[in-house]
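Engineer: Before I ask anything, let me first share the structure, which is written out below as structure tokens.
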Amino acid sequence: HDAEGLAAFEQIIAQDSRVEPRDWMPAGYRKTLLRQISQHAHSEIIGMQPEANWITRAPSLKRKAILIAKVQDEAGHGLYLYSAAETLGQNRDRMMDDLLAGKARYSSIFNYPARTWADMGAIGWLVDGAAICNQVPLCRASYGPYGRAMVRICKEESFHQRQGFEILLELSNGTPAQKQMAQDAVNRWYAPALMMFGPPDDESPNSKQSMAWNIKRFSNDELRRRFLGMMVEQAKVLGLTLPDENIRYNEAEGHWEHGPLDWDEFAEVLAGRGPCNAQRMERRREAHENGAWVREAAAAYAAKRAAKEHA
Ligand code: ACO
Numbered sequence: 025h026d027a028e029g030l031a032a033f034e035q036i037i038a039q040d041s042r043v044e045p046r047d048w049m050p051a052g053y054r055k056t057l058l059r060q061i062s063q064h065a066h067s068e069i070i071g072m073q074p075e076a077n078w079i080t081r082a083p084s085l086k087r088k089a090i091l092i093a094k095v096q097d098e099a100g101h102g103l104y105l106y107s108a109a110e111t112l113g114q115n116r117d118r119m120m121d122d123l124l125a126g127k128a129r130y131s132s133i134f135n136y137p138a139r140t141w142a143d144m145g146a147i148g149w150l151v152d153g154a155a156i157c158n159q160v161p162l163c164r165a166s167y168g169p170y171g172r173a174m175v176r177i178c179k180e181e182s183f184h185q186r187q188g189f190e191i192l193l194e195l196s197n198g199t200p201a202q203k204q205m206a207q208d209a210v211n212r213w214y215a216p217a218l219m220m221f222g223p224p225d226d227e228s229p230n231s232k233q234s235m236a237w238n239i240k241r242f243s244n245d246e247l248r249r250r251f252l253g254m255m256v257e258q259a260k261v262l263g264l265t266l267p268d269e270n271i272r273y274n275e276a277e278g279h280w281e282h283g284p285l286d287w288d289e290f291a292e293v294l295a296g297r298g299p300c301n302a303q304r305m306e307r308r309r310e311a312h313e314n315g316a317w318v319r320e321a322a323a324a325y326a327a328k329r330a331a332k333e334h335a
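Per the UniProt record's numbering, the very first residue in the sequence shown carries number 25; after that it's consecutive.
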């Protein structure tokens, strides 16, 4: 039976078609998807924190409304992704327990502080920009529920990126102090945003297999370079500079290049020792505890309805 399943699975991959939850799939494929999708879901949920931090301090009612909508979208993304992960047979409570126990990864980027209002611009422009660059190809991921979730997520992410760009554009055209604040935020988020794409290709243990399974479509370095090229052009429109003197277009290779990144810092952040890791986890645990009554009420309501249906 497994041999038949494997042949069918291999055919789906060879035809660049889609694997659906009821299809047979190799244990490694299921495991890799569960890992990536749950990490992605956790990133969306933890990623609400740096920006939620600015909702009460947004400089106008309009900005506040936009920021609330954006943070809410991120909660939605987390929920679609947990649902996609559940189709692989993992229980959502278990994923949440792993996150709260510090056993699950989430994106390195959300362990950096959002110090000024301009950080809302830099996060939208650079962080959401990097997220889109990484996620558009995931719309074609071979696992159906993941690819379909990514379509809507990417549409919302592009709105997020535009709103960040617009915040920076306005600051950049504002007073010298506002422009400096925008530049300072870009200076702080640039390198961490490039590192979001993951370790360099020769140190990325999962890439090769994930690409063979049509989960990832491009390598970490390819996507990082593509993102850089986009940002170089957009920075000109913003009137801001990317804090890297080594950015250049390599004609021979046909791609963009950046200066060295601090991979030791990346390793520290992944090990839980980044600037805000402890705070992010603490807030997440608090929020989980504070939400206990909602989960209990929802469960009680569901049980009541089920009992009525059976009566
Ligand atoms: N932050 C935290 N961990 C990371 C990061 C990062 N930026 N990049 C890589 N890692 C981890 C990987 O999860 C993997 O850990 P694990 O093996 O313990 O699970 C390890 O570093 C090695 O990396 P890779 O072999 O390159 O891992 P992978 O093939 O999964 O590629 C990538 C990493 C590109 C992040 C991929 O998982 C992906 O595309 N995920 C979906 C997108 C996503 O999660 N985005 C979240 C941020 S965007 C947002 O939420 C707005």
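Cβ coordinates follow ideal geometry from the N, Cα and C atoms, glycine included.
Can you list, in chain order, the residues of its chain whose CB lies under 8 Å from that of D283, leaving out five sequence neighbours each side?
Structural biologist: Checking the sequence, you will find Gly at residue 283 rather than Asp. Excluding positions up to five away in sequence, the list reads D268, E269, N270, I271.
Engineer: Just tell me which of A138, A154, I156 has its CA closest to the CA of D208.
Structural biologist: Closest option to D208, Cα to Cα, is A138.
Engineer: Out of A108, I92, Y136, A154, which has the shortest C-alpha to C-alpha gap to L247?
Structural biologist: Of A108, I92, Y136, A154, the residue nearest in Cα terms is A154.
Engineer: Quick one: does the C-beta of R250 sit closer than 6 Å to a heavy atom of ligand 1?
Structural biologist: No; taking the cut-off as 6 Å, the Cβ of R250 has no heavy atom of ligand 1 nearer than that.
Engineer: Let's see if you can read the secondary structure: which residues bound the alpha helix (DSSP H) around N158?
Structural biologist: N158 -> alpha helix (DSSP H) spans 152–159.
Engineer: Would DSSP call H282 helix, strand or coil?
Structural biologist: If DSSP states are grouped into helix, strand and coil, H282 belongs with coil.
Engineer: So R176 and Y106 are in contact, right, with Cβ under 8 Å, and what is the actual spacing, rounded?
Structural biologist: About 14 Å separates the two Cβ atoms, so there is no contact after all.
Engineer: Considering only heavy atoms of ligand 1, does any lie closer than 6 Å to the CB of A236?
Structural biologist: A236: no, Cβ never under 6 Å from ligand 1.
Engineer: Round the Cβ separation of N135 and R304 to the nearest angstrom and send it over; I've been treating them as touching at under 8 Å.
Structural biologist: Confirmed, about 6 Å.
Engineer: What are the boundary residues of the alpha helix (DSSP H) that includes residue 336?
Structural biologist: No answer is possible for residue 336: it lies beyond the span of the chain, which begins at 25 and ends at 335.
Engineer: Thinking C-beta only, is E44 closer than 7 Å to G171?
Structural biologist: No, these two residues do not count as a Cβ contact at 7 Å.
Engineer: Is it right to say L91 is buried, meaning 16 or more other beta carbons lie within 10 angstroms of its own, or is it exposed?
Structural biologist: It is buried - the Cβ of L91 has at least 16 other Cβ atoms within 10 Å.
Engineer: In whole angstroms, what is the alpha-carbon distance linking residue 18 and E110?
Structural biologist: Nothing can be reported for residue 18, as the shown portion of the chain is limited to 25 through 335.
Engineer: In the DSSP assignment, find the beta strand (DSSP E) that holds R272 and state where it starts and stops.
Structural biologist: R272 -> beta strand (DSSP E) spans 272–274.
Engineer: Pull up the DSSP beta-bridge partners for M167, would you.
Structural biologist: Correcting the residue identity first, residue 167 is Tyr in this sequence and not Met. Bridge partners of Y167: V43.
Engineer: Give the DSSP-derived three-state secondary structure of P224 in the structure shown.
Structural biologist: Looking at P224 - three-state DSSP - the assignment turns out to be coil, as it is neither helix nor strand.
Engineer: Is D47 buried or exposed, if buried means 16 or more other CB atoms sit within 10 Å of its CB?
Structural biologist: Answer is exposed; the Cβ neighbour count stays below 16.
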